[in-house]
Amino acid sequence: MRSKSDGTPAFSYEAPPVPPKETVEGSVLYHAEHTATSTPANAAEPNAYQAYVAASASVADRILENWNATQAKFDKENPKQVYYLSMEFLQGRALTNALGNLELTDEYAAALRKLGYSLEDVVAAEQDMALGNGGLGRLASCFLDSIASLELPGWGYGLRYKYGLFKQALEGVDQTEAPESWLDRSNVWEVPRYDVTYPIRFGGEVDAKGNWAAAEHFEAMAYDTPIPGFRTRNTISLRLWQAKPASDLFDLPSFNAGRHQDALKSVADAEALCAVLYPGDDSREGKALRLKQQYMLCSASIQDILATFKRRSGGKANLADLPEKVTMQLNDTHPTLGIPELMRLLMDEEGLSFDAAWKITSQCVNYTNHTVLPEALEKWSYDLVQEVLPRHLQIIEQIDAMYAKQHPSAPEATRIIGYTTPEVEEEEEAEAGAKGAKEAAAAAKAAPAPVPDVVRMANMCVIAGKYVNGVAAIHSEIVKDDVFNDFYQIWPDKFQNKTNGVTLRRWVAFCNPSLTKLINEKLGSDAWLSDWKQLERLREFADDADFQAAWRASKLENKKALAEYVYETQGIELNPEVAMFDIQVKRIHEYKRQLLNILGVIYKYKQMKEMSKAELDAVVPRAVMIGGKAFATYTQAKRIVKLINAVGKVVNADKAVGDKLKVAFLPNYNVSLAEKIIPATEISQHISTAGMEASGTSNMKFALN
235 MRSKSDGTPA
245 FSYEAPPVPP
255 KETVEGSVLY
265 HAEHTATSTP
275 ANAAEPNAYQ
285 AYVAASASVA
295 DRILENWNAT
305 QAKFDKENPK
315 QVYYLSMEFL
325 QGRALTNALG
335 NLELTDEYAA
345 ALRKLGYSLE
355 DVVAAEQDMA
365 LGNGGLGRLA
375 SCFLDSIASL
385 ELPGWGYGLR
395 YKYGLFKQAL
405 EGVDQTEAPE
415 SWLDRSNVWE
425 VPRYDVTYPI
435 RFGGEVDAKG
445 NWAAAEHFEA
455 MAYDTPIPGF
465 RTRNTISLRL
475 WQAKPASDLF
485 DLPSFNAGRH
495 QDALKSVADA
505 EALCAVLYPG
515 DDSREGKALR
525 LKQQYMLCSA
535 SIQDILATFK
545 RRSGGKANLA
555 DLPEKVTMQL
565 NDTHPTLGIP
575 ELMRLLMDEE
585 GLSFDAAWKI
595 TSQCVNYTNH
605 TVLPEALEKW
615 SYDLVQEVLP
625 RHLQIIEQID
635 AMYAKQHPSA
645 PEATRIIGYT
655 TPEVEEEEEA
665 EAGAKGAKEA
675 AAAAKAAPAP
685 VPDVVRMANM
695 CVIAGKYVNG
705 VAAIHSEIVK
715 DDVFNDFYQI
725 WPDKFQNKTN
735 GVTLRRWVAF
745 CNPSLTKLIN
755 EKLGSDAWLS
765 DWKQLERLRE
775 FADDADFQAA
785 WRASKLENKK
795 ALAEYVYETQ
805 GIELNPEVAM
815 FDIQVKRIHE
825 YKRQLLNILG
835 VIYKYKQMKE
845 MSKAELDAVV
855 PRAVMIGGKA
865 FATYTQAKRI
875 VKLINAVGKV
885 VNADKAVGDK
895 LKVAFLPNYN
905 VSLAEKIIPA
915 TEISQHISTA
925 GMEASGTSNM
935 KFALN
């Protein structure tokens, strides 16, 4: 029986027995013949994708038993459950993770050989779930893995983006963006829940009593993905929401009259809601779509949370007990609208007073801050919120007024609603200056009053949150001392630190099996996969020549695999035997300083061009690789990508420099590519502008390898 940090017992399960070899082979072969794929499967001559579907369906059968048992246990014992709301999840390939956590990798590798495929080829047929972009999404996924492995009750909530952020490619030296159509061949791992739908509304009008007559109506439908824990039956859910038009809004008369676009407008609008992650927001329409996405995530999730609470209460639900059973973690400010949405549901749907709803809400919500930059804290135009969510704006104004009344001396910058004073036209100022004192005073009295301008989402999170956490010790101190210091003066006990982390299973065991084998041999077991502190024992072997040689051999094996990938995808030849692999992979941003990195490469190249042959011969060969996506509308970031590729074209074509320096940009960086890059790295660049990186977890992954 494991224990949680507070000493209370966690859920405990007996580990399922390892299935006989024949059972695994039979299951894979059965699904190769009977599970539908994009084309009829042929067990005798399958393609890699069909073999992937067969293996995944077989593993999913095993997970389903644990998944159902876990949900039944949650429903029966009704524990307090954490619900993790995030706009991003970067899951990576599900088959690798499932086999590893179930400890069935060897059994399935053997079964797949019966079909004529290596496990590596089959795994490569899976496309990453395109649900995230950077550390925010990967952190969320690591949390889900940890929750499942620690046998804790928890769920993740996100959106089911059809085309992801974008698929990055190179056209010459320039980045291009295309839809990342990861759902084109369906998703073996998800289970559509046709019976789990909730209404989503936007726009319209609201009266003084809070009655909301919305203008747009949609439904959010659930798609569940199982998250199996490591060495446990505990299998939690990642529930993703897909928008669809409200069933009664299809205009059949218009369609039959030939006005097809008019009839299908609601379908197109629903498709747009979950089409892409972070749609371009240069236009008002783009901003409105982002706001709608955030609200849809919050509304559907919280309606689902309340439904679960009522179901588990057996018809005796007392909403005042909600904080005893529910805690919602907001991953950054994107799910902030969950605060007024929970208030709306409690007030408008359940009939609670504002004070009663606030007492519940303020005990159910926690907020994770991910930035130290005040200008990066999310703000929305007051007018836009009023247009898209008029009822929620009413509630936000009530919360803001309550805060102002309770803390009258708090600075204006801590208010949720920010105000601006309209500028007086120059002509009016001149007229006022020409008048006498009496007229000027009258004009001053008639000066325009401040008008609401912005809605500050981070302020709402802090005011409503039970706890607010940073993601590293130094970041949490900056949050208290700088970013939210005014709030810290009011609620010092509200602020906490929760240092980010990574899962050792995916980021060592599953992506670097040769290193894992070596560590297991030296430590005598693989217990370190659940207790990272055991890795400290490796210090005993730091001077062991045999251990050093085995470590170098493992690194070279991984370098060769990456060099082969770079040649196949980019046509750039690297020499893993001699070149030091120098790598920086993260989203392209000015503060992450890929520009500084490539300027350093230019400087090294210029130095080499001025060296004598003897001096050049003494230089340690270096292969510089940079990867990451630049947002489609982030012009400066795209220019950095262009510069990296332009430098690479010059350097890689210089025969005089040869293998002494190579430069490669690795497009479409994602979890699966990271699993290939990180084990091969010898120098990893983490050079973000000091004071601007809240935590960063990629450094941990590189350090472990």
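Under my numbering, the first residue of the sequence shown is numbered 235, with each subsequent residue one higher.
Backbone N, C-alpha and C define an ideal beta-carbon position, used for all residues, glycine too.
As the structure is a computational prediction, the values presented were derived from the model and not from experiment.
Going by Cα to Cα distance, which pick from the options is closest to residue i?
i, options, result
"A973", "P747, Y722, E612, Q632", "No answer is possible for residue 973: the residues shown for the chain start at 235 and end at 939."
"I633", "A534, P682, I573, H823", "I573"
"A908", "P855, K314, L796", "L796"
"Y395", "R465, Q409, Y342, K478", "K478"
"R578", "N445, R786, T257, Y701", "N445"
"L399", "Y903, E791, G834, L346", "Y903"
"K348", "Q620, V560, G260", "G260"
"N538", "S500, V854, Y457, P686", "Contrary to the premise, residue 538 reads as Asp rather than Asn in this sequence. That would be Y457, whose Cα lies nearest to the Cα of D538."
"P293", "T257, G326, K314, K307", "Note that residue 293 corresponds to Val in the displayed sequence, not to Pro. If we check each option's Cα against that of V293, T257 comes out closest."
"L540", "L580, Q528, V501", "L580"
"S375", "L298, P413, I470, G585", "I470"
"I878", "D429, N809, V819", "V819"
"E505", "F489, L523, N281", "L523"
"L752", "R771, T654, S788, T269", "S788"
Which value, in whole angstroms, describes the spacing of the CA atoms of residue i and residue j?
i, j, result
"A277", "I461", "Caution is warranted here: a pLDDT of 47 is assigned to A277, below 50, making its placement in the model unreliable, and the coordinate value is therefore given only provisionally. Each residue's Cα considered, the two are about 29 Å apart."
"E322", "L474", "11 Å"
"V595", "E807", "Before going further, note that residue 595 is Thr rather than Val in the sequence given. The alpha-carbon atoms of T595 and E807 are separated by roughly 57 Å."
"A706", "N312", "32 Å"
"T869", "Y825", "14 Å"
"Q409", "Y799", "19 Å"
"R873", "Y839", "20 Å"
"L564", "A937", "28 Å"
"N754", "S533", "46 Å"
"F464", "S383", "5 Å"
"W301", "T737", "21 Å"
"I860", "K889", "22 Å"
"T304", "N331", "18 Å"
"D582", "T542", "19 Å"
"Q782", "N939", "14 Å"
"L940", "V885", "No answer is possible for residue 940: it lies beyond the span of the chain, which begins at 235 and ends at 939."
"Q919", "N734", "19 Å"
In three-state terms, what does DSSP make of residue i?
i, result
"D999", "Residue 999 is absent from the model: the chain starts at 235 and stops at 939."
"M577", "helix"
"F936", "helix"
"R773", "helix"
"D582", "helix"
"D940", "In the structure as shown, the chain begins at 235 and stops at 939. Residue 940 is therefore absent and cannot be evaluated."
"Y351", "coil"
"E411", "strand"
"G334", "helix"
"E909", "helix"
"G930", "coil"
"A403", "strand"
"S320", "coil"
"V694", "The question names Val, but residue 694 is Met in the sequence shown. It is helical."
"D418", "coil"
"T269", "coil"
"D429", "strand"
"W725", "coil"
According to DSSP, what are the bridge partners of residue i?
i, result
"F899", "I860"
"H451", "R435"
"W475", "L393, A456"
"G704", "N731"
"S918", "I817"
"I470", "I461"
"M214", "There is simply no residue 214 to check, as the chain begins at 235 and stops at 939 in what is shown."
"Y940", "Residue 940 cannot be examined here, being either before or after the span of the chain that is shown, 235 to 939."
"K613", "R690"
Report yes if the C-beta distance between residue i and residue j is below 7 Å; otherwise report no.
i, j, result
"A871", "F815", "no"
"V422", "S290", "yes"
"A497", "H451", "no"
"K314", "K550", "no"
"Q402", "P726", "no"
"A761", "T750", "no"
"A288", "Y351", "no"
"D687", "Y616", "yes"
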